[in-house]
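S.K.:
Numbering (full-length UniProt numbering), first residue to last: 1 to 537.
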């Protein structure tokens, strides 16, 4: 018997409704419970209409995607949070910790959205989860007289640079090169940039912090003690608490800073030059930072591709002295006075970040990144120069990928003077770091191909990089190295990536984690595991 049309549609509607209830991972009251709880535990009232976004609100997707950098983690199949909470006051963050603990709902925290594996806004190991997005906590209070600044976790590093330069032409801060990084998470991984050879990492120059601990209390350096303060400066984000503020030590920069970018292709001697760079860049004058971008470009023949290496430099000083340093230490690159541009430190920040020349520095206040794509990245550290034959094999592999990118960052200088255990970031006595990236635009259709390419490249590089452990940089999060299981983190399993990111500092991080967060409230795919309680197996 045929059902009349209206019944079919109402039946379909009924089935859809039932199906959507079946898909709702939690009873509808979880949001109400959280709203009640947050109101109860916040010292200042929460403007829920502007601070609370559920999947059925029109702005949810906009807020979720607002700072997310890796499109791979925004595809429909990725788990989405039950809601996003954007605190406007420190006490709201305390309430979020207290309430998600009381209601036993998993919590993720996002400051700038640059996590390479999307861990600040996607949980693949447990649902339901919520995201606390610190984007509205972005004050930057610069105190030039005392050479420091208190910066809030949701500010971008570009905003910090701008506010420092606004007050002084001869102060700077040695942090990241990409200006849209959120400072909360950025500094927890170490945070390197073009002044690292002179002043070390951002984490080496963090002198205080305010964090929310697992009990929902706000602790500064004195209250948290030196162990926990050590752990948050390079031990990776979201394992020990939520960073609200960093206090950073400003560093002197000259009024004149000089930059250059010089490109060489395979046809113009890129291989020999890169071999030489490996020997020179880590020992050259520590005012000079020369990194190398390796990409593909159009070759001399129509339709052919070639590998191009771009030497991008920042020098804390004038062009004449820079040319002198280059002629003495690295004449092979052939840098002349006309390759060099004298500018201010803040304009050099824009140059290094890749903004076109003449871009006004106000662009740093937008706090947005310039573009997003689908990408996978990995990292390595190198202790002995890669031989020319090794480089030739590398070019062959790069030429097989559509838009590969490698970035080589020189160490040495101040980096090699700081001990491996000074902070959790252990990569000190190396020549340089490699970042490998494969980026693409056509979504998950070609994902497997690109992932496969970068993993093969990584295997190819094994003989040329650090071993036992093969070191990796925690801020270039790489889930290929292993992940925690839901609610059951094991020290043994976590060691597979723990020793690569932190070397022997991993053991001390685990001890501190066990002391400050024994029940593993702050957790994610690669958070530091606590040791199991005695008597539990």
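All C-beta atoms, glycine included, are put in the ideal place defined by N, C-alpha and C.
Quick caveat: nothing in here was measured; it's all calculated off a predicted structure.
#1: Of the residues 498, 451, 374, 524, which one's Cα is nearest the Cα of residue 70?
#2: Taking the continuous alpha helix (DSSP H) assigned at residue 270, which residues delimit it?
#3: I'd like the ranges of any beta strand (DSSP E) spanning at least 3 consecutive residues and lying wholly in the region 93 to 156.
#4: Look at the Cβ atom of residue 421, then the Cβ atom of residue 239, and state whether they are nearer than 7 Å.
#5: Given this structure, state the Cα-to-Cα distance separating residue 126 from residue 215, to the nearest angstrom.
#6: Could you spell out the range, first to last residue, of the beta strand (DSSP E) harbouring residue 382?
#7: Compare the C-alpha of residue 52 against each of 40, 41, 35, 104 and name the closest.
#8: By DSSP, does residue 435 sit in helix, in strand, or in coil?
#9: For residue 530, count neighbouring C-beta atoms within 10 Å of its own C-beta (all shown protein chains included) and say buried if the count is 16 or more, exposed if not.
#10: Pull up the distance between the alpha-carbon of residue 494 and that of residue 299, whole angstroms please.
#11: Could you check whether residue 462 and residue 379 sit closer than 7 Å to each other, using their CB atoms as the reference points?
#12: Do you know how far the Cα of residue 47 is from the Cα of residue 261?
#13: Using only the alpha-carbon positions, how far apart do residue 349 and residue 37 sit?
#14: Rounded to whole angstroms, what's the CA-CA distance from residue 103 to residue 371? Just pull it up for me.
#15: Using 7 Å as the threshold, is the C-beta distance between residue 499 and residue 469 below it?
#16: Look at the alpha carbon of residue 197 and the alpha carbon of residue 285, and state the distance between them as a whole number of angstroms.
#17: The beta strand (DSSP E) spanning residue 50 covers which residue range?
#18: Roughly how many angstroms separate the alpha carbons of residue 273 and residue 427, rounded to a whole number?
#19: Can you give the Cα-Cα distance for residue 393 and residue 353, rounded to whole angstroms?
#20: For the candidate residues 259, 356, 408, whose alpha-carbon lies nearest to that of residue 337?
#21: Under the assumption that residue 111 contacts residue 176 (Cβ atoms under 8 Å), give the Cβ distance between them as a whole number of angstroms.
#22: Where do the ends of the alpha helix (DSSP H) carrying residue 516 lie?
#23: Please classify residue 448: is it buried, with 16 or more other beta-carbons within 10 angstroms of its beta-carbon, or exposed?
#24: Closer than 6 Å by C-beta to residue 78: which residues in its own chain qualify, once you throw out the five before and the five after it? Chain order, please.
#25: Label residue 523 either buried or exposed according to how many other C-beta atoms from any shown protein chain fall within 10 Å of its C-beta, with 16 as the threshold for buried.
#26: Which residues does DSSP list as the beta-bridge partners of residue 534?
#27: Given a threshold of 16 other Cβ atoms within 10 Å of its Cβ, counted over all protein chains shown, does residue 324 qualify as buried or as exposed?
#28: Ignoring anything shorter than 4 residues or poking outside the region 165 to 215, list the alpha helix (DSSP H) runs there in chain order.
#29: Look at the alpha carbon of residue 377 and the alpha carbon of residue 458, and state the distance between them as a whole number of angstroms.
#30: If you check the beta carbons only, do residue 188 and residue 242 fall under 7 Å apart?
#31: Using DSSP bridges, identify the partner residues of residue 363.
#32: Going by DSSP in three states, residue 293 sits in which element: helix, strand or coil?
#33: Compute the Euclidean distance between the alpha carbons of residue 65 and residue 59, then round it to the nearest angstrom.
#34: Could you check where the alpha helix (DSSP H) with residue 388 kicks off and where it finishes?
#35: Of all Cβ atoms in chain D, is any one closer than 7 Å to the Cβ of residue 437?
#36: Could you compute how far the alpha carbon of residue 321 sits from the alpha carbon of residue 283?
M.R.: Let me spell this out:
#1: Locating residue 70 in the chain shown gives position 70, counting from the first residue. Of 498, 451, 374, 524, the residue nearest in Cα terms is 374.
#2: Against the chain shown, residue 270 aligns to sequence position 270. Looking at the DSSP string, the run of the alpha helix (DSSP H) that includes residue 270 is 270 to 280.
#3: 106 to 110, 129 to 133, 140 to 143, 148 to 152
#4: Translated into the one-based positions of the chain shown, residue 421 becomes position 421. Translated into the one-based positions of the chain shown, residue 239 becomes position 239. No; because the gap between Cβ atoms is not below 7 Å, this pair is not in contact.
#5: Counting from one through the chain shown, the residue named residue 126 turns up at place 126. Counting from one through the chain shown, the residue named residue 215 turns up at place 215. So the two alpha carbons sit approximately 22 Å from each other.
#6: As a position in the chain shown, residue 382 is number 382, starting the count at 1. Per DSSP, residue 382 belongs to the beta strand (DSSP E) from 374 to 382.
#7: In the chain shown, the residue the question calls residue 52 occupies position 52. The option with the nearest alpha carbon to residue 52 is 35.
#8: To locate residue 435, count along the chain shown from 1; it is residue 435. Here residue 435 sits in strand by DSSP.
#9: For the purposes of this step, residue 530 is identified with residue 530 of the chain shown, where counting begins at 1. Buried is the call here.
#10: Within the chain shown, the letter at position 494 stands for residue 494. Within the chain shown, the letter at position 299 stands for residue 299. Answer to the nearest angstrom: the Cα atoms are 45 Å apart.
#11: Here the question's residue 379 lines up with position 379 in the chain shown. Here the question's residue 462 lines up with position 462 in the chain shown. Cβ distance not < 7 Å, so residue 379 and residue 462 don't count as in contact.
#12: Sequence index remark: in the chain shown, residue 261 carries index 261 (1-based). Sequence index remark: in the chain shown, residue 47 carries index 47 (1-based). Their backbone Cα atoms lie some 48 Å apart in a straight line.
#13: Here the question's residue 349 lines up with position 349 in the chain shown. Here the question's residue 37 lines up with position 37 in the chain shown. If I take the Cα positions, the gap works out to 43 Å.
#14: In the chain shown, the residue the question calls residue 103 occupies position 103. In the chain shown, the residue the question calls residue 371 occupies position 371. Taking the straight line joining both Cα atoms gives about 37 Å.
#15: Within the chain shown, numbered from 1, the residue matching residue 499 stands at position 499. Within the chain shown, numbered from 1, the residue matching residue 469 stands at position 469. Yes, these two residues count as a Cβ contact at 7 Å.
#16: Taking the chain shown and counting its residues from 1, the one referred to as residue 197 is at position 197. Taking the chain shown and counting its residues from 1, the one referred to as residue 285 is at position 285. Straight-line Cα distance between these residues: approximately 9 Å.
#17: Within the chain shown, the letter at position 50 stands for residue 50. That residue, residue 50, is in no beta strand (DSSP E); its alpha helix (DSSP H) goes 48 to 51.
#18: Locating residue 273 in the chain shown gives position 273, where the first residue counts as 1. Locating residue 427 in the chain shown gives position 427, where the first residue counts as 1. Cα to Cα, residue 273 sits roughly 25 Å from residue 427.
#19: Within the chain shown, numbered from 1, the residue matching residue 393 stands at position 393. Within the chain shown, numbered from 1, the residue matching residue 353 stands at position 353. Looking at the two C-alpha atoms, the distance is approximately 29 Å.
#20: Within the chain shown, residue 337 is the residue found at index 337, counting from 1. Closest by alpha carbon: 259.
#21: In the chain shown, counting from the first residue as 1, residue 111 sits at position 111. In the chain shown, counting from the first residue as 1, residue 176 sits at position 176. The pair is not a contact, with the Cβ atoms about 12 Å apart (cut-off 8 Å).
#22: As a working mapping, residue 516 is identified with position 516 in the chain shown. Start and end: 505 to 516.
#23: Translated into the one-based positions of the chain shown, residue 448 becomes position 448. With fewer than 16 Cβ atoms within 10 Å of its Cβ, residue 448 is classed as exposed.
#24: The sequence position of residue 78 within the chain shown is 78, counting from 1. Answer for residue 78: 122, listed in chain order.
#25: Reading the chain shown from its first residue, position 523 is the one you call residue 523. Answer is buried; the Cβ neighbour count reaches 16.
#26: Here the question's residue 534 lines up with position 534 in the chain shown. DSSP output for residue 534 lists no bridge partner at all.
#27: Position 324 of the chain shown, counting from 1, holds the residue named residue 324. Exposed, because fewer than 16 other Cβ atoms sit within 10 Å of the Cβ of residue 324.
#28: 183 to 188, 196 to 199
#29: Within the chain shown, numbered from 1, the residue matching residue 377 stands at position 377. Within the chain shown, numbered from 1, the residue matching residue 458 stands at position 458. The alpha-carbon atoms of residue 377 and residue 458 are separated by roughly 10 Å.
#30: By one-based count along the chain shown, residue 188 stands at place 188. By one-based count along the chain shown, residue 242 stands at place 242. It is not a contact, given that the beta carbons lie outside the stated cut-off.
#31: The count along the chain shown starts at 1 and reaches residue 363 at position 363. Partner(s): none; residue 363 has no beta bridge.
#32: Looking up residue 293 in the chain shown gives position 293. Of the three classes helix, strand and coil, the one that applies to residue 293 here is strand, per DSSP.
#33: As a working mapping, residue 65 is identified with position 65 in the chain shown. As a working mapping, residue 59 is identified with position 59 in the chain shown. Each residue's Cα considered, the two are about 10 Å apart.
#34: If you number the chain shown from 1, residue 388 lands on position 388. First-last of the alpha helix (DSSP H) with residue 388: 388 to 398.
#35: Note that chain D does not occur in the displayed structure, where there is just one protein chain.
#36: Locating residue 321 in the chain shown gives position 321, where the first residue counts as 1. Locating residue 283 in the chain shown gives position 283, where the first residue counts as 1. Distance between the alpha carbons of residue 321 and residue 283 is about 17 Å.
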